[in-house]
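Residue numbers (this note's numbering), protein chains in the order written: chain E, 1 to 196; chain V, 197 to 392. Report on the structure given below.
There are 2 protein chains.
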Amino acid sequence: MSKRRYGSETSKSREMLLDAAETLMRESGYAAVTSRKLASRAGLKPQLVHYYFPTMDELFIEMFRRVKKRTMESLDNVFKADDPLRALWDLTANRPGVILSYEFVGLANHRKEFRAEVAEFGDRMRAVKINIIHRIMQERELTELPFAPSFAVVLLDSLARNLALEAELGVHAGHAEAFENIERFFRQFAGAAADA
Amino acid sequence: MSKRRYGSETSKSREMLLDAAETLMRESGYAAVTSRKLASRAGLKPQLVHYYFPTMDELFIEMFRRVKKRTMESLDNVFKADDPLRALWDLTANRPGVILSYEFVGLANHRKEFRAEVAEFGDRMRAVKINIIHRIMQERELTELPFAPSFAVVLLDSLARNLALEAELGVHAGHAEAFENIERFFRQFAGAAADA
DNA sequence: GTCTATACTTCGATAGAC
DNA sequence: GTCTATCGAAGTATAGAC
Chain E
1 MSKRRYGSET
11 SKSREMLLDA
21 AETLMRESGY
31 AAVTSRKLAS
41 RAGLKPQLVH
51 YYFPTMDELF
61 IEMFRRVKKR
71 TMESLDNVFK
81 ADDPLRALWD
91 LTANRPGVIL
101 SYEFVGLANH
111 RKEFRAEVAE
121 FGDRMRAVKI
131 NIIHRIMQER
141 ELTELPFAPS
151 FAVVLLDSLA
161 RNLALEAELG
171 VHAGHAEAFE
181 NIERFFRQFA
191 GAAADA
Chain V
197 MSKRRYGSET
207 SKSREMLLDA
217 AETLMRESGY
227 AAVTSRKLAS
237 RAGLKPQLVH
247 YYFPTMDELF
257 IEMFRRVKKR
267 TMESLDNVFK
277 ADDPLRALWD
287 LTANRPGVIL
297 SYEFVGLANH
307 RKEFRAEVAE
317 FGDRMRAVKI
327 NIIHRIMQER
337 ELTELPFAPS
347 FAVVLLDSLA
357 RNLALEAELG
367 VHAGHAEAFE
377 NIERFFRQFA
387 GAAADA
């Protein structure tokens, strides 16, 4: 272990580095987040990266911590929407967010320490969303869904994320029909809620 | 442009490099596929990588070409199965294949030249699968599905790929219920085919 | 508390030896 | 036709200057 000192968590430079790292990761993938490229983006010297983040892995961990915090806050706001189910979809399908999350998954898939943390968050998000569906049904006095809430969330997550990823990549085959079907379901669900 | 010469496409070393590159990419991600790590895996000298593949990008293009060829061949075999729909699912949900494909998507998402090629293949696969669903329905004399074939394929791709990715990562929440639902659908579909 | 001079490692790529 | 000696650029990380 080293006796080096590191920058405070309230530093302006530190914040700038985290912001730049996120943009860089979204645009060019996690592998492009190197001390040199990152510093260049933030208009700082490469060595500063290692002052605020002893290793690159600790930078990634900090980045993920911020993402987790933001995601949790967004989920809290789902109920303020007129159509909470649609709000949940919009949140999950948010393209910049989806791209970033796939980068973290990629990172996790080959860095042991990171993997457990990302997986834990994935499981937790799934559980939170299942609870949200339950709450939506209670509030709207719905007792029936075409499928169990847990499967509904797996379906929502899989579709929203995959469609966003494909759209970002430039794959569009079948998307129009998919959105029609999804839209129809949302309308039916909102309608059933209004009737109840 | 350089006047260097490059190895033939039938070389044994070349094949070994492509195989090793694929394993490395699956295990550690595309960013870990460096000339040095790759050569070490294949038991060869790093410089040999550049003899067979002038640039690393050309290595990735060759790798993707092999994947495309294999995928096409697998799709041709779907009809030999007793339950072609399930065979299509199994093929799409194949974990090593899914992991590898996400690596190519990641690579594509920030390398312009690569992006178009991966997107084109994605669109083509979607179209081929939609045709397969049509053919299955014809052969089984089915006229009705709960959703249009194009949406069925988007659904199948999204679910199969996302469930495989999550399982690989260690996310399991909701998976058991999801598989129950999917299994039930396959049984119903096969049953309807038997009745017809 | 903040930043930089510097070291050492790994990378992609080429020219030239076998 | 196959492989290696070698180079310059980019990577992470540390010790020490302000």
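Heads up, the beta-carbon is just placed ideally off N, CA and C, and yes, glycines get one too.
For residue i and residue j, which I take to be in contact (beta-carbon distance under 8 Å), what is that distance rounded to the nearest angstrom?
i        : j        : result
Leu271/V : Leu240/V : So it is not a contact: roughly 33 Å between Cβ atoms.
Ile88/E  : Ile132/E : At residue 88/E the sequence reads Leu, which differs from the Ile that was named. Sure, about 6 Å apart at Cβ, within 8 Å.
Ala173/E : Asp319/V : 4 Å
Arg115/E : Leu365/V : 7 Å
Phe317/V : Lys265/V : With 8 Å as the limit, Phe317/V and Lys265/V do not qualify as a contact, their Cβ atoms being about 11 Å apart.
Phe151/E : Glu373/V : 5 Å
Glu223/V : His110/E : 7 Å
Would residue i be called buried (16 or more neighbouring beta carbons within 10 Å of its own) or exposed?
i        : result
Pro292/V : exposed
Asp157/E : buried
Ala277/V : exposed
Phe79/E  : exposed
Gly191/E : exposed
Tyr102/E : buried
Lys377/V : A small fix is needed here, since residue 377/V is Asn in this sequence, not Lys. With 16 or more other Cβ atoms within 10 Å, it is buried.
Thr267/V : buried
Glu58/E  : exposed
Ala418/V : Outside the shown range of chain V (197 to 392) lies residue 418/V, about which nothing can therefore be said.
Arg41/E  : buried
Distance check for residue j and residue i, CA to CA, integer angstroms please.
i        : j        : result
Glu269/V : Ala193/E : 47 Å
His246/V : Ala32/E  : 22 Å
Met333/V : Met321/V : 18 Å
Leu155/E : Val294/V : 18 Å
Gly426/V : Ala216/V : There is simply no residue 426/V to check, as chain V begins at 197 and stops at 392 in what is shown.
Arg331/V : Phe385/V : 14 Å
Thr55/E  : Arg336/V : 59 Å
Lys325/V : Val301/V : 19 Å
Leu163/E : Arg357/V : 12 Å
Ser11/E  : Tyr52/E  : 9 Å
Thr339/V : Glu379/V : 21 Å
Arg232/V : Gln243/V : 8 Å
Thr23/E  : Ser209/V : 39 Å
Tyr6/E   : Arg261/V : 47 Å
Val349/V : Ala323/V : 9 Å
Asp286/V : Ser8/E   : 51 Å
Val367/V : Ala93/E  : 19 Å
Met197/V : Glu211/V : Note that Met197/V scores a pLDDT of 49, beneath 50, so its modelled location is shaky and nothing firm can be said.
Lys112/E : Asp279/V : 38 Å
Ala39/E  : Glu62/E  : 16 Å
Met25/E  : Leu107/E : 11 Å
Pro345/V : His371/V : 24 Å
Phe60/E  : Leu341/V : 45 Å
Arg4/E   : Thr230/V : 31 Å
Leu159/E : Leu361/V : 13 Å
Arg187/E : Phe179/E : 12 Å
Phe343/V : Phe147/E : 16 Å
Asn273/V : Asn77/E  : 48 Å
The alpha helix (DSSP H) spanning residue i covers which residue range?
i        : result
Arg357/V : 345 to 365
Arg198/E : The structure shown has nothing for residue 198/E, since chain E only spans 1 to 196.
Ala304/V : 291 to 304
Ala217/V : 208 to 224
Leu231/V : The question names Leu, yet the displayed sequence has Ser at residue 231/V. Element bounds for Ser231/V: 231 to 238.
Glu313/V : 308 to 335
Leu244/V : 242 to 248
If the cut is a Cβ gap below 9 Å, which residues of chain V does residue i touch?
i        : result
Arg187/E : Chain V residues near Arg187/E: none, gap ~16 Å exceeds 9 Å.
Gly170/E : Ala304, Arg311, Ala312, Val314, Ala315, Glu316, Gly318, Asp319
Asn162/E : Val350, Asp353, Ser354, Leu355, Arg357, Asn358
Starting from residue i, find everything on chain V with Cβ-Cβ shorter than 8 Å and list it in chain order.
i        : result
Asn181/E : Phe343, Ala344, Phe347
Ile61/E  : Under the 8 Å cutoff, chain V gives no residues; its nearest Cβ is about 17 Å from Ile61/E.
Glu177/E : Ala344, Ser346, Phe347, Val350
Give the interface partners of residue i over in chain E, defined as CB-CB distance under 9 Å, in chain order.
i        : result
Leu214/V : By Cβ distance, chain E contributes nothing, its closest Cβ being about 20 Å from Leu214/V, past 9 Å.
Ile326/V : Ala173, Gly174
Mind listing the chain E neighbours of residue i? Cutoff is C-beta to C-beta under 8 Å, in chain order.
i        : result
Arg394/V : Only positions 197 to 392 of chain V appear in the structure, and residue 394/V is not among them; the question remains open.
Glu223/V : His110
Leu361/V : Val105
Taking 6 Å as the cut-off, does the CB of residue i come closer than this to any heavy atom belonging to the ligand SAH?
i        : result
Trp285/V : What this structure holds is no ligand at all, so the ligand SAH is not there to describe.
What in chain V is Cβ-close to residue i, meaning under 7 Å?
i       : result
Val33/E : Within chain V, no residue comes near Val33/E; the closest Cβ sits about 10 Å away, beyond 7 Å.
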